[in-house]
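All remarks here apply to the structure that follows.
2 protein chains.
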Amino acid sequence: MTDGPLLLPTLRQVSRDTLQDQVYRQIREALMSGRFQPGQKLTIRGLAEALGSSPMPVREALQRLSAENAFEVTETSRLRVRLMTVDRLREIRDTRVALEGLLAEKAVLLLQKHDLDEITDLCNQMQHAADEVDVSRYLWTNFAFHRRIYAVAQAELTMAAVENFWLHMGPCFALVAPDKAHLQRSMEAHTRIVEALAARDGAGARAAVTDDIMQAADSLARLLVKNDRARSSVSGGKRA
Amino acid sequence: MTDGPLLLPTLRQVSRDTLQDQVYRQIREALMSGRFQPGQKLTIRGLAEALGSSPMPVREALQRLSAENAFEVTETSRLRVRLMTVDRLREIRDTRVALEGLLAEKAVLLLQKHDLDEITDLCNQMQHAADEVDVSRYLWTNFAFHRRIYAVAQAELTMAAVENFWLHMGPCFALVAPDKAHLQRSMEAHTRIVEALAARDGAGARAAVTDDIMQAADSLARLLVKNDRARSSVSGGKRA
DNA sequence: ATATTTGATTTGTGATCACATATTGAGGCC
DNA sequence: GGCCTCAATATGTGATCACAAATCAAATAT
């Protein structure tokens, strides 16, 4: 009461972030950028300690992520980062084509000039990351690029579904090696996306997005079978 | 040790259901079948008392459902059942067409005879519910019918995405009145779906599913604008 | 009578505790 | 040496408590 009750009424601009939300975003981001290994086991208390928090927010963040199918839940309620199989990868690929193709077509109809400018800018940033073969930076710019395009479509729920599928691809990225040729090849698809958007060509945008997704899925599929062969050839190792 | 250590090793077939899972399913089911009004406010303690449980499992179930966008979260972290708008309904319609069309096509490729038998059976059950104008029974059989078809496609993640969109349609059903003509009309689409499946006609199955979804969306859209007009015409009432 | 403020209640969040079960590792028996 | 048993530890779940913030209602002032 003594120190100016009129000024600064508690002034809390620090955002309405609950601890749980922060933990949730951190784990989600870690998953999407491949900082967890497929098959890795996660414990509530372990993550709580790693994040400098108490078990409670971590527990609830993990349950939210489990609800999104990000983890495999053992019969004893233990959580494990899901492994990717070729079947699941194919499913994700097909559904991504359907969803992201739809969003790309819708985006064309609503696209404004400033949207295209920002999208082009993100595409350039991605090109730089590709030139420098900075894989993690490339990944994030890639997400931002697609997110920015789809945001134009104003389809909140569909966007959430798409991000959920991205979440499932994440752990795979822990396996990809820097490969300049691959990065440049995937930039071709991105350039075609931008061109189609600029031309207001819905079908072209859908086709370019489809190519991008198919290409990425093909690369990951090759990586998966290569890893499987490597694993089975050293099956005398510690783990089955 | 005394009572037969070999027989019945603790024999716990009672399912690994946690309280939270039960609460989650109950609330989800209530949402999908329209037992919550759009805009209804939900409190943790209130639901806990209604379900005869402690606040803890309810809290976590609600957070999982919030993560699926089933609720609107106010800036003060209070939960409210989302309202349906024509824009959101259009988005849900378009994305459902994309996702369920894909699943229907995939289902055709993997369909076995016993699948078709069960699907036909569910379609007949739905017909009975339609004849008796039992809306709530019709709704549930309808869900089971589509779920059973898409299950053939073996696309776990995509199926989860579809169910999530169904979840968003749920509260709208609290508004639909029993209307035999509408039910019978929507049964025509279902019959066509079964016929297309029996003929192993992927494109036909997709078309029939699309019609079904579009028809339902149209009905709900009409209902929404009718309700909006009714609400605005009594704007002298208690609430804005 | 209306608007504002103030106090009481409700509510969500996070921490700590209790408990049942699962996992792990060491030790003993064949 | 290999396999089983059993104790010790780790882990998820649920309950209770504490607290800050928001909501609601009554009471006061204008």
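Sequences listed follow chains L and F, in order. Going by the working numbering, the residue at position 141 of the first sequence is 466; the numbering climbs one at a time, nothing skipped. Going by the working numbering, the residue at position 203 of the second sequence is 528; the numbering climbs one at a time, nothing skipped. Using N, Cα and C, we set each Cβ at its ideal position, and we do this for glycine too. Nothing here was measured: the structure is a model prediction, and the numbers come from that model.
Determine the extent of the alpha helix (DSSP H) in which residue i is found, giving its start and end residues.
i	result
residue 324 of chain L	With chain L covering only 326 through 565, there is no way to say anything about residue 324 of chain L.
residue 382 of chain F	380–392
residue 357 of chain F	344–357
residue 421 of chain L	411–435
For residue i and residue j, I'd like the C-alpha separation in whole angstroms.
i	j	result
residue 497 of chain L	residue 418 of chain L	14 Å
residue 471 of chain F	residue 440 of chain L	38 Å
residue 478 of chain L	residue 433 of chain L	8 Å
residue 484 of chain F	residue 416 of chain L	11 Å
residue 474 of chain F	residue 544 of chain F	23 Å
residue 549 of chain F	residue 409 of chain F	8 Å
residue 373 of chain F	residue 405 of chain L	30 Å
residue 508 of chain L	residue 503 of chain F	57 Å
residue 353 of chain L	residue 542 of chain L	21 Å
residue 436 of chain L	residue 425 of chain L	15 Å
residue 379 of chain L	residue 342 of chain L	16 Å
residue 344 of chain L	residue 381 of chain L	9 Å
residue 428 of chain F	residue 480 of chain F	8 Å
residue 454 of chain F	residue 356 of chain L	45 Å
residue 414 of chain L	residue 457 of chain F	44 Å
residue 499 of chain F	residue 384 of chain L	34 Å
residue 445 of chain F	residue 553 of chain L	41 Å
residue 402 of chain F	residue 491 of chain L	27 Å
residue 519 of chain F	residue 447 of chain L	46 Å
residue 421 of chain L	residue 537 of chain L	11 Å
residue 467 of chain F	residue 510 of chain F	14 Å
residue 375 of chain F	residue 376 of chain L	35 Å
residue 539 of chain F	residue 476 of chain F	21 Å
residue 371 of chain F	residue 371 of chain L	33 Å
residue 551 of chain F	residue 369 of chain F	33 Å
residue 336 of chain L	residue 366 of chain L	In this prediction, residue 336 of chain L scores a pLDDT of 33, lower than 50, which makes its location untrustworthy; the coordinate-derived value is nonetheless stated afterwards. Using only the alpha carbons, I get a separation of about 41 Å.
residue 535 of chain L	residue 521 of chain L	13 Å
residue 431 of chain L	residue 451 of chain L	23 Å
residue 362 of chain F	residue 493 of chain F	12 Å
residue 505 of chain L	residue 530 of chain L	25 Å
residue 386 of chain F	residue 386 of chain L	12 Å
residue 501 of chain F	residue 555 of chain F	15 Å
residue 407 of chain L	residue 407 of chain F	31 Å
Could you pull the start and end residues of the beta strand (DSSP E) that residue i belongs to?
i	result
residue 397 of chain L	396–398
residue 406 of chain F	404–406
Give me the Cβ distance between residue i and residue j, rounded to the nearest whole Å; I'm assuming they're in contact under 8 Å.
i	j	result
residue 364 of chain F	residue 495 of chain F	With 8 Å as the limit, residue 364 of chain F and residue 495 of chain F do not qualify as a contact, their Cβ atoms being about 14 Å apart.
residue 469 of chain L	residue 423 of chain F	Residue 469 of chain L to residue 423 of chain F, Cβ: 24 Å. No contact.
residue 411 of chain F	residue 546 of chain F	6 Å
residue 449 of chain F	residue 482 of chain L	The pair is not a contact, with the Cβ atoms about 33 Å apart (cut-off 8 Å).
Any heavy atom of the ligand NAD closer than 7 Å to the Cβ of residue i?
i	result
residue 449 of chain F	The model depicted lacks the ligand NAD and carries no ligand whatsoever.
Are three or more beta carbon pairs between the stretch 516–531 of chain F and the stretch 454–466 of chain F nearer than 8 Å? Of all C-beta pairs linking the stretch 516–531 of chain F to the stretch 454–466 of chain F, fewer than three are shorter than 8 Å, placing the two stretches out of contact.
Touch test, the stretch 498–518 of chain L against the stretch 393–400 of chain L, Cβ-Cβ under 8 Å, three pairs minimum: Not touching, per the Cβ criterion.
Three or more C-beta pairs under 8 Å: does that hold for the stretch 435–449 of chain F against the stretch 486–496 of chain F? No contact exists between the stretch 435–449 of chain F and the stretch 486–496 of chain F.
Complete runs of the alpha helix (DSSP H) confined to the stretch 441–529 of chain L [at least 4 residues]: As far as the stretch 441–529 of chain L is concerned, its whole alpha helix (DSSP H) runs of at least 4 residues are 460–476, 481–494, 505–523.
Could you say if the stretch 342–352 of chain L and the stretch 379–398 of chain L meet the contact criterion of at least three C-beta pairs nearer than 8 Å? The answer is yes - the stretch 379–398 of chain L touches the stretch 342–352 of chain L, with three or more Cβ pairs under 8 Å.
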